[in-house]
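J.: Here's a structure for you.
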Amino acid sequence: MPLDTQQRILIEQRVTNDTRSPVIAYLLLVFLGGFGAHRFYLGKTGTAVAMLILWVLGWMTLILGVGLIMLAAVGIWAFVDLFLIPGIIRADQDALRQRLAVEFGGHSGPHPTAFPASAPGVPFTA
């Protein structure tokens, strides 16, 4: 059963309210990137723990020279995350839309007109 306009509006409002802020994610990346704080914030706990372990081990073994390789890997990883953050947030939004559509009694499969692509902050129009 397709969702009606009111249900789609409610879903979009919920997605807008529950979406993680890219500004906070970028601030966490810039100031606490080595600790993986931005990945914890974005819900990527497994890779955040891996990043944290590399960071800590890198500093602990820096005197041996091995730590420099680990710290460089974390630095490259953090740089790549600069470009991945928008996609992670978008994927999270899409998953939330699908979950809410199922909760509202809609279908679980993608529907080309159910949720039109729009920029964040742009209101949904039917």
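The sequence shown runs 3 to 128 under the numbering used here. Don't be surprised by glycine CBs; every beta carbon is placed ideally from N, CA and C. Fair warning: this is a prediction, and the values are worked out from it, not measured in the lab.
1. Which runs of the alpha helix (DSSP H) at least 4 residues long sit entirely within the stretch 56-115? Give them in chain order.
2. Rounded to whole angstroms, what's the CA-CA distance from GLY60 to VAL25? Just pull it up for me.
3. Which class does ARG41 belong to by DSSP, given the choice of helix, strand or coil?
4. Between the stretch 90-98 and the stretch 68-80, are three or more C-beta pairs nearer than 8 Å?
5. Report the option in PHE81, GLY107, LEU86, ALA97 whose CA atom is closest to the CA atom of PHE33.
6. Excluding five sequence neighbours on each side, which residues of the same chain lie with their C-beta closer than 6 Å to the C-beta of THR127?
7. Can you tell me which of GLU105, LEU56, SER23, LEU64 puts its alpha carbon nearest to the alpha carbon of GLY45?
8. Is THR5 helix, strand or coil by DSSP?
T.: Taking the coordinates as given:
1. 68-105
2. Cα to Cα, GLY60 sits roughly 28 Å from VAL25.
3. helix
4. no
5. PHE81
6. Here the model assigns THR127 a pLDDT of 49, short of 50, so the residue's position is not dependable, and the following value carries that caveat. Within the same chain, THR127 has no close Cβ partners at all.
7. Closest option to GLY45, Cα to Cα, is SER23.
8. A small fix is needed here, since residue 5 is Leu in this sequence, not Thr. In the displayed model, LEU5 falls within coil according to three-state DSSP, outside both helix and strand.
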